[in-house]
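Taken in order, these protein sequences are the chains called P and R.
If you're matching positions, the first sequence starts at 218 in the working numbering and goes up one per residue.
If you're matching positions, the second sequence starts at 218 in the working numbering and goes up one per residue.
2 protein chains.
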Amino acid sequence: MEHENDITAPLSRRERPAKTPLTREGIIDVAVTILENEGLGKVTMRRIAADLDTGAASLYVYVRNTEDLHARILDALLGRAAPLPRAGSWRERLVALLTGYGTVLFEHPEIARMTMTTHPVGPHYFRLVESILEALSEGGVPDPVAAWAVDVLLASVTASAAEHSGPSTTGEGSEALAVLAARIAITSGETYPHIVRLGDEMLSGTGMERFTWGLDVLINGILNTPRTPSASASS
Amino acid sequence: MEHENDITAPLSRRERPAKTPLTREGIIDVAVTILENEGLGKVTMRRIAADLDTGAASLYVYVRNTEDLHARILDALLGRAAPLPRAGSWRERLVALLTGYGTVLFEHPEIARMTMTTHPVGPHYFRLVESILEALSEGGVPDPVAAWAVDVLLASVTASAAEHSGPSTTGEGSEALAVLAARIAITSGETYPHIVRLGDEMLSGTGMERFTWGLDVLINGILNTPRTPSASASS
DNA sequence: ACCTGAACACCGTTCAAGT
DNA sequence: ACCTGAACACCGTTCAAGT
Chain P
218 MEHENDITAP
228 LSRRERPAKT
238 PLTREGIIDV
248 AVTILENEGL
258 GKVTMRRIAA
268 DLDTGAASLY
278 VYVRNTEDLH
288 ARILDALLGR
298 AAPLPRAGSW
308 RERLVALLTG
318 YGTVLFEHPE
328 IARMTMTTHP
338 VGPHYFRLVE
348 SILEALSEGG
358 VPDPVAAWAV
368 DVLLASVTAS
378 AAEHSGPSTT
388 GEGSEALAVL
398 AARIAITSGE
408 TYPHIVRLGD
418 EMLSGTGMER
428 FTWGLDVLIN
438 GILNTPRTPS
448 ASASS
Chain R
218 MEHENDITAP
228 LSRRERPAKT
238 PLTREGIIDV
248 AVTILENEGL
258 GKVTMRRIAA
268 DLDTGAASLY
278 VYVRNTEDLH
288 ARILDALLGR
298 AAPLPRAGSW
308 RERLVALLTG
318 YGTVLFEHPE
328 IARMTMTTHP
338 VGPHYFRLVE
348 SILEALSEGG
358 VPDPVAAWAV
368 DVLLASVTAS
378 AAEHSGPSTT
388 GEGSEALAVL
398 AARIAITSGE
408 TYPHIVRLGD
418 EMLSGTGMER
428 FTWGLDVLIN
438 GILNTPRTPS
448 ASASS
């Protein structure tokens with residue numbers, strides 16, 4: 218029984234298997250684990266290095282800098298997502314595609330926030346874009362419109378997920394708005410009549426209901442908004 | 218002449234006018250100045266304090282923490298923006314309102330990024346919301362739709378501005394996409410046929426053209442998407 | 001009440017030196 | 001080529017002590 222369960226004894230090679238040789242994949246893996254357990258704030262070079270039993274400097278062989286690291290995490294998360302839908306009408310498929318993407322980002326709001334600025338790259342993201350274009354094309358959306366629509370759709374989903382971020386617990390954002398609305402109502406019922414009147418309505422609905430409605434707005438808008446080559450000159 | 222121009226002598230009350238008494242307004246002012254000259258990255262407690270000839274700890278009397286500080290900066294920026302439009306049709310006014318808001322955020326993409334998560338508060342933001350609701354109401358948009366639409370519109374503008382952020386120079390984002398598209402074309406012309414075919418189209422247009430089109434999509438969508446009270450139960 | 005210096009617990013990144 | 005320790009130049013926040 219010597220020190221078989223002796224926690225204080227230094228870890229032998231047997232117990233900690235040879236200290237994995239440090240690959241980019243391994244680094245990203247550790248990063249994703251930390252992200253899922255402790256949030257993006259803890260995903261630092263130093264912390265990842267510590268989990269890998271090395272110094273932060275060692276990571277710079279595999280990732281250029283922190284931004285690069287984050288972009289790669291995003292790619293990895295997309296890879297872990299559900300497979301893309303193949304059944305249903307083009308519109309059902311489109312909604313499913315965007316909802317699936319949204320689900321990943323809603324589960325990792327900090328990543329969503331990041332995605333606002335760091336463009337995703339990698340095969341999984343491109344397959345998603347490809348599928349969206351395919352659905353739009355099947356829906357009879359003209360190529361020029363579809364080309365711009367992908368961006369609008371994906372950005373909207375990302376923004377939606379990013380909004381539900383923040384360091385606080387679930388309903389904090391809405392609560393802040395509610396408190397605020399109340400304060401406004403007290404301060405000046407006359408200055409902001411519309412806000413006072415629609416205050417409750419503005420806070421109504423679940424996240425999912427609003428998300429779905431937003432998608433409908435976008436798709437309906439896309440179906441009703443031609444892209445004039447550049448019609449800003451004439452009246 | 219004693220030490221009238223003696224740089225090494227400690228600054229007297231006359232030369233540095235009494236060291237402004239440290240108000241919240243003064244703090245935010247310095248923060249905005251640093252933001253405009255050196256970017257959000259330099260807007261740190263320590264740096265602001267240094268510009269104010271004090272220690273970082275002193276700021277905590279006036280701002281709760283860094284997030285609070287940032288939210289107040291945003292409010293200040295909104296206050297510096299152009300006055301809200303009062304002329305034109307409801308739709309023209311709506312577009313003008315959103316374009317004006319967008320302009321502020323496009324000039325400060327880092328703030329836009331921040332706005333994705335930190336909800337703006339303050340009189341200027343509310344006046345904007347109020348005006349949007351007013352325009353939508355005049356446009357015959359039903360109250361429940363208008364209430365949700367404000368959010369979608371503002372979030373979309375914010376997201377649009379945030380996208381053009383990033384630490385790099387102007388066209389970096391698109392360039393990355395282009396490089397990427399090229400890589401895809403080489404790697405697998407067969408796996409992503411739609412992307413390859415629409416690659417150029419996806420990168421076409423100026424930021425303003427895309428922004429305006431996006432607004433049209435949204436408004437058209439809003440005009441064509443009713444809000445069923447909660448119709449997800451029935452088929 | 002407001003202000004301050006010093007301390008605590010962190011960061012990213014670089015570099016010379018090792019293997 | 002890969003890895004490392006140490007160093008550089010920073011952070012936010014707290015706290016006891018001053019005024």
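All C-beta atoms, glycine included, are put in the ideal place defined by N, C-alpha and C.
This one's a predicted model, so the numbers in the text were calculated from it and none came from an experiment.
- For the region 290–316 of chain P, the beta-carbon criterion of a distance under 9 Å to any beta-carbon of chain R is satisfied by none of its residues.
- Counting only the Cα atoms, P:H381 lies some 33 Å from P:D360.
- The C-beta distance from P:T375 to R:A376 rounds to 7 Å, short enough to meet the 8 Å contact threshold.
- Remark: C-beta atoms of P:E347 and P:W307 do not approach each other more closely than 8 Å.
- Cβ-Cβ separation between P:E418 and R:A266: approximately 43 Å, too far for a contact (criterion under 8 Å).
- When C-beta atoms of the region 313–326 of chain P are compared with those of the region 275–285 of chain P, fewer than three pairs fall below 8 Å, so the two segments do not count as touching.
- With contacts defined by Cβ atoms closer than 8 Å, P:I349 and P:L322 do not form a contacting pair.
- Here R:P410 is exposed, its C-beta having fewer than 16 other C-beta atoms within 10 Å.
- Contact between the region 278–287 of chain R and the region 298–315 of chain R is absent: fewer than 3 CB-CB pairs across the two stretches fall below 8 Å.
- Note that the C-beta distance between R:P302 and R:L314 is below 8 Å.
- By the Cβ-count criterion, P:A304 is exposed, with fewer than 16 other Cβ atoms from all chains shown falling within 10 Å of its own Cβ.
- Within chain R, the C-beta atoms nearer than 7 Å to that of P:P361 come from E418, in chain order.
- Linking P:I251 to P:M425 through their CA atoms gives a straight-line distance of about 27 Å.
- About 24 Å separates the beta carbons of R:T271 and R:L291, which is beyond the 8 Å limit, so they are not a contact pair.
- Collapsing the DSSP output to three states places P:P359 in coil.
- Scanning chain R for C-beta atoms nearer than 8 Å to the C-beta of P:M333 yields R330, M333, A376, A379, E380 and S382, reported in chain order.
- With respect to chain P, the C-beta atom of R:E347 has a partner C-beta closer than 8 Å.
- DSSP, read as helix, strand or coil, puts P:L239 in coil.
- With a threshold of 8 Å between beta carbons, P:I251 makes no contact with chain R.
- Contact between P:A293 and P:I245 holds, since their C-beta atoms are separated by about 5 Å, short of 8 Å.
- Between the alpha carbons of R:V362 and R:L440 lies a gap of roughly 9 Å.
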